[in-house]
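**Student:** Attaching a single structure in structure tokens format; questions to follow.
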Amino acid sequence: MKKRSKKLIPKYVKIGKFLQIARKKAGLSQGDMKNILGYQSPQIISDWERGICGVPLTSIKQVLEAYKMKEETFVTKWLEAHREELEKLFKGKKN
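Whatever position you read off the sequence shown (first residue = 1), add 1110 for the working numbering.
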């Protein structure tokens, strides 16, 4: 049976790379984050960082605290990624 590949979501790829860099700057492994967030496996952290899924809203505050990141920094990056996706969606469409 062929393993189904997971689809990358562009806005999550951009945010995921940003979070991966922040995690490494904080000196944390994916395993460390699994423990901090109470997950059973570090796979979900990997999925965020590769752009397969986004960070659940219920976990964002803990992630930012662990990474010692200001809320404004994350919000700016999140809005930037979503704005790019919306611009691509609406590009060429006329009202």
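For glycine and all other residues, C-beta sits at the position ideal for the given N, C-alpha and C.
Could you check the C-alpha separation between K1178 and R1133 for me, to the nearest Å?
**Tutor:** As a working note, residue 1178 is residue 68 in the sequence shown. As a working note, residue 1133 is residue 23 in the sequence shown. Roughly 9 Å separates the two Cα atoms.
**Student:** By the 10 Å Cβ neighbour count, where 16 or more other Cβ atoms means buried, how is I1131 classified, buried or exposed?
**Tutor:** Reading the sequence shown from its first residue, position 21 is the one you call residue 1131. I1131 comes out exposed.
**Student:** Measure the C-alpha to C-alpha separation of Q1140 and E1181 and round it to an integer number of angstroms.
**Tutor:** Walking along the sequence shown from the start, residue 1140 turns up at place 30. Walking along the sequence shown from the start, residue 1181 turns up at place 71. Taking the straight line from one Cα to the other gives about 21 Å.
**Student:** With three or more C-beta pairs closer than 8 Å as the rule, is the region 1145-1165 touching the region 1119-1129?
**Tutor:** Touching, yes, given that three or more Cβ pairs across the two stretches are closer than 8 Å.
**Student:** Note down the Cα distance separating S1169 from K1117, rounded to an integer number of angstroms.
**Tutor:** Start at 1 with the first residue of the sequence shown, and residue 1169 comes out as number 59. Start at 1 with the first residue of the sequence shown, and residue 1117 comes out as number 7. So the two alpha carbons sit approximately 22 Å from each other.
**Student:** With K1127 as the anchor, note down where its alpha helix (DSSP H) starts and where it stops.
**Tutor:** One-based indexing of the sequence shown puts residue 1127 at position 17. Where K1127 is concerned, the enclosing alpha helix (DSSP H) stretches over P1120 to K1135.
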